[in-house]
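Asks: Take the sequence shown: its letters are residues 36 to 99, numbered as in my numbering.
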Amino acid sequence: MGKITKEMTIGEILTINPKAIPVLLNAGMHCLGCPASQAESLEEAAMVHGIDIDALMAELETAE
């Protein structure tokens, strides 16, 4: 499995690690299949949803 970075799109993250799905859903990112998930970086999506990117990255690391 590849390493998840803030610069990746949600679509890329889900492709390399489907275990990230519950982490993202629990963080409040419920539109994992929407068009924005294919274009926005994880960092941009976190900002839009008011989520602390560093805390989210720490949770995603445990999902690997």
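For every residue, glycine included, the Cβ atom is placed at its ideal position computed from N, Cα and C. Here the structure is a predicted model, which means the values were calculated and not measured.
State buried or exposed for M82, treating a residue as buried only when at least 16 other CB atoms are found within 10 Å of its CB.
Replies: exposed
Asks: Under 8 angstroms by Cβ, that's how I've got T50 and A74 pegged, so tell me the actual separation to the nearest angstrom.
Replies: 14 angstroms between Cβ atoms; not a contact.
Asks: Are there 16 or more other CB atoms within 10 angstroms of the CB of A90, so buried, or fewer, so exposed?
Replies: exposed
Asks: Using beta carbons (cut-off 9 angstroms, strictly below), is G46 in contact with chain C?
Replies: In summary, chain C is missing from the structure at hand, where a single protein chain is found.
Asks: Can you tell me whether DSSP reads T40 as helix, strand or coil?
Replies: T40 falls in the coil class under three-state DSSP.
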